[in-house]
Every structure is written in structure tokens, then in C-alpha cells.
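Engineer: My questions all concern the structure below.
Number of protein chains: 2
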Amino acid sequence: MELRQLKYFLKAKELLNFTEAASALFISQSTLSQQIKQLEDELQVPLFNRIGKRITLTEAGDLFAVYAQQSINKASDGLQLLKDLNKLETGKVAIGVTYALRHVVTKALILFSSEYPKIQFEIIFGTSQELIHKLNHFQLDVILTFEEIASEAHFKYLELFTSPMALVTSSETALKNKKTISLEEISTLPLAMPAGGFSTTQFISKAFEKSNLHPNVTIEINDIPTLLELIKTGKWHTILTKTTIENENDLYAIPISGKNMTRTAMLISLKEVYEKKAVKAFLKIMVENLK
Amino acid sequence: MELRQLKYFLKAKELLNFTEAASALFISQSTLSQQIKQLEDELQVPLFNRIGKRITLTEAGDLFAVYAQQSINKASDGLQLLKDLNKLETGKVAIGVTYALRHVVTKALILFSSEYPKIQFEIIFGTSQELIHKLNHFQLDVILTFEEIASEAHFKYLELFTSPMALVTSSETALKNKKTISLEEISTLPLAMPAGGFSTTQFISKAFEKSNLHPNVTIEINDIPTLLELIKTGKWHTILTKTTIENENDLYAIPISGKNMTRTAMLISLKEVYEKKAVKAFLKIMVENLK
DNA sequence: TTTCTAAATCGGTTTTATCGATTGATTATA
DNA sequence: TATAATCAATCGATAAAACCGATTTAGAAA
Numbered sequence: 001m002e003l004r005q006l007k008y009f010l011k012a013k014e015l016l017n018f019t020e021a022a023s024a025l026f027i028s029q030s031t032l033s034q035q036i037k038q039l040e041d042e043l044q045v046p047l048f049n050r051i052g053k054r055i056t057l058t059e060a061g062d063l064f065a066v067y068a069q070q071s072i073n074k075a076s077d078g079l080q081l082l083k084d085l086n087k088l089e090t091g092k093v094a095i096g097v098t099y100a101l102r103h104v105v106t107k108a109l110i111l112f113s114s115e116y117p118k119i120q121f122e123i124i125f126g127t128s129q130e131l132i133h134k135l136n137h138f139q140l141d142v143i144l145t146f147e148e149i150a151s152e153a154h155f156k157y158l159e160l161f162t163s164p165m166a167l168v169t170s171s172e173t174a175l176k177n178k179k180t181i182s183l184e185e186i187s188t189l190p191l192a193m194p195a196g197g198f199s200t201t202q203f204i205s206k207a208f209e210k211s212n213l214h215p216n217v218t219i220e221i222n223d224i225p226t227l228l229e230l231i232k233t234g235k236w237h238t239i240l241t242k243t244t245i246e247n248e249n250d251l252y253a254i255p256i257s258g259k260n261m262t263r264t265a266m267l268i269s270l271k272e273v274y275e276k277k278a279v280k281a282f283l284k285i286m287v288e289n290l291k
Numbered sequence: 001m002e003l004r005q006l007k008y009f010l011k012a013k014e015l016l017n018f019t020e021a022a023s024a025l026f027i028s029q030s031t032l033s034q035q036i037k038q039l040e041d042e043l044q045v046p047l048f049n050r051i052g053k054r055i056t057l058t059e060a061g062d063l064f065a066v067y068a069q070q071s072i073n074k075a076s077d078g079l080q081l082l083k084d085l086n087k088l089e090t091g092k093v094a095i096g097v098t099y100a101l102r103h104v105v106t107k108a109l110i111l112f113s114s115e116y117p118k119i120q121f122e123i124i125f126g127t128s129q130e131l132i133h134k135l136n137h138f139q140l141d142v143i144l145t146f147e148e149i150a151s152e153a154h155f156k157y158l159e160l161f162t163s164p165m166a167l168v169t170s171s172e173t174a175l176k177n178k179k180t181i182s183l184e185e186i187s188t189l190p191l192a193m194p195a196g197g198f199s200t201t202q203f204i205s206k207a208f209e210k211s212n213l214h215p216n217v218t219i220e221i222n223d224i225p226t227l228l229e230l231i232k233t234g235k236w237h238t239i240l241t242k243t244t245i246e247n248e249n250d251l252y253a254i255p256i257s258g259k260n261m262t263r264t265a266m267l268i269s270l271k272e273v274y275e276k277k278a279v280k281a282f283l284k285i286m287v288e289n290l291k
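Here the protein sequences line up with chains A and B, keeping their order.
Its first residue numbered 1, the first sequence is counted upward by one per residue in full-length UniProt numbering.
Its first residue numbered 1, the second sequence is counted upward by one per residue in full-length UniProt numbering.
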């Protein structure tokens with residue numbers, strides 16, 4: 001049993017397709033096939049069912065995968081630890097962010113990189129679900145998003161701040177003098193909203209449902225900068241957390257009245273995984289600069 | 001980084017002597033020396049101090065050893081788990097049953113679990129169609145039901161026993177002295193029958209049709225225990241396989257006369273899917289105790 | 001100094017991981 | 001229903017690497 005074989009196995013498990021897994025691993029299909037077979041021989045039990053040309057995990061494969069992953073993780077944690085020993089002169093940080101929290105990351109990024117210029121960053125924007133999936137697959141070190149309904153036991157959560165849900169509108173609009181606005185008022189306005197995958201959209205849809213209101217959504221779009229551009233025309237309005245348009249000129253956020261109309265920004269990371277020094281340092285700078 | 005190298009490293013760390021470590025690992029000193037060097041190259045940091053001809057651990061080596069050991073442990077935990085799986089000290093078994101064959105499963109379950117108490121069971125009752133659907137979706141390991149008209153190529157079938165279709169009636173009834181009963185006689189009696197989804201009901205409906213008889217069904221019900229309760233009042237009769245009321249007091253089964261009035265109990269599982277050891281052992285006990 | 005010992009290094013051998021091509025089988029399609 | 005496309009397994013060949021014995025290097029002991 002070698003880490004190489006465990007890595008191959010997990011990729012095959014993930015894709016359930018030897019050909020694709022092999023190409024993702026930059027090896028030939030025959031090599032993957034042979035290495036899996038060799039692993040199975042050593043373990044004395046098949047890890048995959050071969051049903052025709054399709055493969056599925058066996059019970060053994062399913063159970064073993066957990067340990068294979070942990071074994072790999074421990075080894076790479078050890079590697080990471082040694083890199084950290086080099087006093088943050090090397091290392092990569094992968095951070096997932098929901099778009100709404102963009103400015104929180106960029107601000108910290110600017111501060112951090114002037115202090116530790118050699119650290120590499122990968123900033124991934126995506127929906128909460130996408131980011132959580134990537135976190136679970138060890139593709140991200142930490143994610144920054146709003147609270148989820150279901151908290152999971154293998155995650156570590158850190159609350160950052162709360163931000164009200166708000167109607168976002170252009171400065172041209174007559175609405176701009178209002179201090180708050182109700183869902184009922186909003187339901188009369190033409191709305192352009194983030195697409196269904198965005199947690200903000202899901203959050204606000206539920207709120208409308210509860211109030212038996214039907215919002216007038218004429219546009220759904222999965223790119224926030226484009227959405228904001230449309231809002232700036234004054235022809236549509238949208239609903240976002242207030243923090244989303246921080247640092248945006250020409251846009252106003254009018255908090256929505258009513259209970260539970262705030263969201264909590266959180267840092268989510270995996271428990272029991274070695275936390276990189278660079279990540280720790282970056283998050284420290286980020287939290288310190290939340291105002 | 002490979003588990004082999006981690007193992008070498010830990011042994012060298014333990015003995016702090018490459019020559020002895022090599023011989024403990026049944027490899028040559030030169031091989032050990034090379035492999036350690038290769039690991040150090042990959043980690044970009046020395047794990048040992050070479051003070052003259054003596055070696056000591058570096059800080060990096062000391063810190064890294066923890067993770068190296070954990071990585072190896074996780075891999076060997078996984079291996080141990082698979083061994084346990086083979087010894088039936090772990091594992092899950094999911095079995096689908098039609099209600100008529102209930103007692104076959106419960107009897108085997110009691111015997112099996114006293115021998116292998118650590119195996120978890122999921123017993124799913126349902127109609128044949130429901131169970132076959134679940135089997136096809138890998139939600140069940142095996143199902144126990146009566147023969148289907150259409151046998152499918154990707155299933156494995158094992159015949160268990162045959163049981164006659166029978167009129168089920170309460171002990172109070174005058175019918176109880178009859179040895180057999182015809183469909184024609186039955187068609188005059190008030191019947192409470194399992195609902196249309198049950199294969200027994202489908203089976204018996206076809207038999208009535210063929211004989212141009214119209215049964216007097218006054219109740220249809222999709223729960224067999226409730227059905228049996230009604231039968232015990234003596235106000236209705238029903239038609240089931242004889243085996244269904246095995247171990248039921250106060251109920252009599254009068255076999256129905258005529259050809260093809262028996263049903264065959266079968267085990268159905270998926271071909272070309274790894275059969276869990278626990279499933280195999282359970283079925284063995286079940287088949288051995290069929291009377 | 002000499003001797004001894006242990007790690008590093010060198011050159012050669014064996015093992016094995018890998019590849020491309022092919023096969024056999026299943027699924028998709030026309 | 002025949003045909004094409006797809007996928008895992010297998011085969012033979014090759015490149016990579018793990019490994020060994022012999023030798024070198026250098027510190028420690030005599």
C-alpha cells in the first residue's frame with residue numbers, strides 16, 4: 001500500500017470512471033487499472049464493482065476510502081507543517097468567498113500581501129454549496145460565507161459580523177430617502193435578482209413565501225457585477241446583504257424591515273485538519289480589519 | 001512521498017542508526033540512506049542532523065514524525081477495517097422482504113445476530129416492485145420475494161421453496177375442515193384482500209380472470225397485520241400464500257385446488273456486484289433453516 | 001597516528017510503475 | 001438490429017526507481 005495508490009483510488013472513487021480518473025491524474029488508464037488491482041490484491045477485497053463497463057464502489061471501498069483520505073491528509077499536513085516552518089516564506093492559501101463578502105477578502109489581501117509577499121493566493125468565488133463542496137474535497141483552506149441552516153459536525157465555524165438584507169437601488173431613484181422598506185413595498189417593484197443557486201436568493205425567497213408575497217422578479221442573473229450594472233440603470237432593483245455593495249458608488253442599500261432580516265457572515269473550515277500558518281495569519285489580519 | 005519512505009524514516013528515527021534501521025527493515029543501508037535523502041529532498045528540509053557519523057533528529061524531523069506516524073496509522077486502520085469486514089465484525093446488510101416471507105427473515109435474523117452481533121441490519125418491507133426498484137438502485141443487498149413473471153438478466157435468482165396459495169380464514173369458520181377449496185367456491189365468499197400493489201393480489205386476480213370468475217372483494221388493504229386482524233373476526237376471508245400465516249394463531253389456510261396455485265419464494269440479488277461476506281453468511285443461515 | 005565504524009556515494013541489477021496498443025464487453029446510435 | 005463508440009482489462013515493451021554490494025569519506029576510538 002502506497003500513498004500513490006490511495007490517491008489513485010480516491011480519484012477513481014470520486015469520478016467513478018477509470019479513464020477520466022487516469023487523465024485527471026495524468027497517468028494512462030492501464031496504469032490506473034493495474035494500480036487499483038494491485039491495491040485490491042493487497043487488501044484482499046475488491047474496492048469497485050465492475051458491472052459491465054461501469055464501476056461502482058463496494059461496501060469495502062466505501063469504508064476504506066475514509067481511511068485512505070485520512071492517511072493522505074496526515075501526510076500532506078506534515079508536509080504543510082514543514083513548509084510553515086519556513087516562516088511564511090512559502091505556501092499557498094486557497095480561500096472560497098461568496099461574492100457578497102468580496103470586499104472583506106480584498107481588503108485583507110492587500111494588507112497581508114504587503115507583509116508576506118511570497119505567499120500565493122487562490123481566491124474562488126462561488127455559491128455557498130459550491131464552496132462547501134470544495135472545502136469538503138480539500139480544495140479550499142477556508143470559506144467565507146453567510147450562515148447555513150444546517151451546521152455540520154466536521155466544520156469549524158467563526159462568526160464575523162451581521163449585515164442587514166437590503167433593497168439595493170440606484171441613487172437616481174426616489175426611494176433613496178427611505179430609512180427602511182417592507183417586503184410588501186418591494187413586491188411592487190421590478191426586481192433583478194441573483195440566480196437561484198445564491199444563498200441570498202434562497203433566503204429572500206423563503207421570506208416572501210412566509211409573507212404570502214410574490215416578488216416581481218423580471219431578471220435572474222448569476223454574476224453580481226453584471227447585476228449591479230443593471231441596477232445602476234435605475235430600471236430594476238435587487239435584494240442583497242448590505243455589505244455586498246460596500247465601496248460601490250451610485251448604489252444605495254435600504255434595509256428591509258421585519259424580523260430575521262439580517263445575515264451572519266462566517267468563516268468555515270475543516271476541523272481536525274492542520275491549519276496552515278499562512279491561513280492563520282491571513283485570517284487574523286482579516287478579522288482585525290472588520291472595523 | 002510514499003508510505004514506504006515514512007516507514008523507513010520512523011524506523012531510523014526510532015533507532016537513530018541507519019545501519020541498524022536498515023537491517024530491521026530488511027533492506028540495505030545504502031537503500032535506507034537513499035530513501036531518506038529522497039524524502040528530505042521532497043520535503044525541502046533535512047529530517048536528520050548528520051553530526052559526524054552520528055545522526056540526530058532535526059526539529060523538522062521531530063515535528064514531521066507525528067504526521068508520518070498518523071498517516072501510516074490511518075492506512076493500517078483502513079486495512080484492519082477490511083480485515084474486520086471479512087471476519088464479520090463490521091458491516092451493514094440491507095434486505096428487502098415481501099410481508100408474506102416475514103417469518104423466514106426474522107427466524108434467520110435471530111440466529112444470525114446471536115453469532116455475529118456486530119453486523120447492522122436494515123429490513124425493508126415492501127411490494128415486489130418497490131423492492132426491485134430499490135435493489136436496482138443499490139439500496140438493498142438482496143430481496144426475498146415470490147417469483148416474478150419477467151426475469152431480468154442482471155439479476156441472480158435462487159429458488160427457496162414453494163408455498164400453495166390458500167384461502168385464509170378464522171378458526172371459527174365452518175370451512176376449516178375442508179382440505180382444499182376451489183376458486184369457484186371462494187368467489188361466493190366475502191373477501192378482504194391485500195391492495196393491488198401486492199404481487200399475491202395480482203397473481204390471484206389473473207387466476208380468477210382466467211376462470212371467468214368474479215371474486216367478491218369487499219375490502220382492500222395495504223397492511224397485512226391489519227388484514228389478518230380483520231380475518232380473525234370471521235367476517236371476511238382472504239387469499240394469501242400459506243407461508244404468510246405461519247406462526248399465526250387463530251387462522252387456518254386451506255390450499256386452493258387447481259393447477260399453478262403455488263408460488264415460489266426466491267432470493268434476488270444483482271449479478272456482478274461484490275457480495276458482502278455478511279450477506280453471504282446471513283443467507284446461508286437463512287437457507288439452512290427453511291424447516 | 002592507526003583503527004574502527006557509520007553514513008554517503010557509485011555502478012550495476014532487479015523490480016515495478018508506466019505506456020501504447022489491443023481485446024472484450026457493454027452501451028449508445030443510426 | 002446492426003454499427004459505432006466507450007470503457008476496463010490485458011499484454012508486451014520501456015523507462016523509472018528501488019535496491020544491492022562495494023567503495024569512499026569522515027568522525028570517533030584506540
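Heads up, the beta-carbon is just placed ideally off N, CA and C, and yes, glycines get one too.
1) Using a C-beta to C-beta distance shorter than 7 Å, which residues of chain B count as neighbours of GLN70/A?
2) Is TYR252/A closer than 7 Å to SER171/A when the C-beta atoms are compared?
3) Looking at ALA278/A and LEU81/A, is the spacing between their C-beta atoms short of 7 Å?
4) Is the Cβ of GLU2/B closer than 7 Å to any Cβ of chain A?
5) Counting only Cβ-Cβ distances shorter than 8 Å, please list the residues of the stretch 112–141 of chain B near chain A, keeping chain order.
6) Along the alpha helix (DSSP H) that carries ASN73/B, what are the first and last residues, could you check?
7) Which ranges would you report for the alpha helix (DSSP H) in the stretch 139–208 of chain A if only whole runs of at least 4 residues count?
8) Please list, in chain order, all residues of the same chain as THR264/A whose beta carbon is under 7 Å from its beta carbon, the five residues on each side excluded.
9) Assuming contact is defined by CB atoms lying nearer than 7 Å, are LEU227/A and ILE221/A in contact in what I supplied?
10) Rank ASP41/A, LEU85/A and ALA108/A by C-alpha distance to the C-alpha of residue 294/A and give the top, closest one.
11) Taking 6 Å as the limit between beta carbons, can you name the residues of its chain near GLN5/B, skipping five residues before and five after?
12) Give the C-beta separation of LEU57/B and LYS13/B to the nearest angstrom, bearing in mind that I take them to be a contact with Cβ-Cβ under 8 Å.
13) Between which two residues does the alpha helix (DSSP H) harbouring PHE26/B extend?
14) When the Cβ atoms of the stretch 113–120 of chain A are set against those of the stretch 22–30 of chain B, are three or more pairs found closer than 8 Å?
15) Can you tell me the Cα-Cα spacing of THR180/B and LEU189/B, whole angstroms?
16) Which residues in the same chain as ASN86/B place their Cβ atom closer than 8 Å to its Cβ, once the five residues preceding and following it in sequence are excluded?
17) Looking only at C-alpha atoms, which of ASN260/B, ILE219/B, ILE231/B and PHE155/B sits nearest to ILE204/B?
18) Using a C-beta cutoff of 7 Å, does ASP62/A count as contacting chain B?
19) Rounding to the nearest angstrom, what Cα-Cα distance links LEU10/A and SER187/A in this structure?
20) Looking only at its chain, what residues have a beta carbon closer than 7 Å to the beta carbon of LYS242/B, apart from the 5 residues adjacent to it on each side?
21) Let me confirm a value: PRO215/A is counted as buried when at least 16 other C-beta atoms fall within 10 Å, else exposed. Which label applies?
22) Considering just the uninterrupted stretch of the alpha helix (DSSP H) at ASN136/A, what are its terminal residues?
23) When the cut-off is 7 Å and only beta carbons count, does ASN49/A lie next to chain B?
24) Nearest by alpha-carbon distance to MET286/B: which of LEU230/B, PHE112/B and GLN29/B is it?
25) Between the Cα of PHE125/B and those of LYS37/B, ASN17/B and ARG102/B, spot the shortest distance and give me the residue it belongs to.
26) How is the alpha helix (DSSP H) around ILE285/A delimited, first residue to last?
27) Classify ASN136/A as buried or exposed, calling it buried when 16 or more other Cβ atoms lie within 10 Å of its own Cβ.
28) Identify the residues that DSSP records as bridge partners of SER269/A: which are they?
29) What does the alpha-carbon distance come out to for the pair LEU290/A and VAL105/A?
30) Beta-carbon of ASP84/A versus every beta-carbon of chain B: anything under 7 Å?
Structural biologist: Taking the structure as given:
1) LYS74
2) yes
3) no
4) Chain A contact via Cβ: present.
5) PHE138
6) 59–86
7) Unbroken alpha helix (DSSP H) runs of no fewer than 4 residues, entirely contained in the stretch 139–208 of chain A, are found at 183–186, following chain order.
8) PHE146, GLU147, GLU159 and THR162
9) Yes, the pair counts as a contact, with Cβ atoms nearer than the cut-off.
10) Residue 294/A is absent from the model: chain A starts at 1 and stops at 291.
11) GLN35 and LEU39
12) 6 Å
13) First-last for PHE26/B: undefined, no H or E at that position.
14) no
15) 15 Å
16) LYS277
17) ASN260/B
18) no
19) 48 Å
20) SER163, PRO164, ALA166, ALA253 and PRO255
21) Buried is the call here.
22) 128–136
23) Under the Cβ criterion of 7 Å, ASN49/A is counted among the residues facing chain B.
24) PHE112/B
25) In terms of Cα proximity to PHE125/B, the closest of LYS37/B, ASN17/B and ARG102/B is ARG102/B.
26) Unbroken alpha helix (DSSP H) run through ILE285/A: 277–288.
27) exposed
28) When DSSP reads this structure, SER269/A sits in a beta bridge with LYS156/A.
29) Answer to the nearest angstrom: the Cα atoms are 10 Å apart.
30) no
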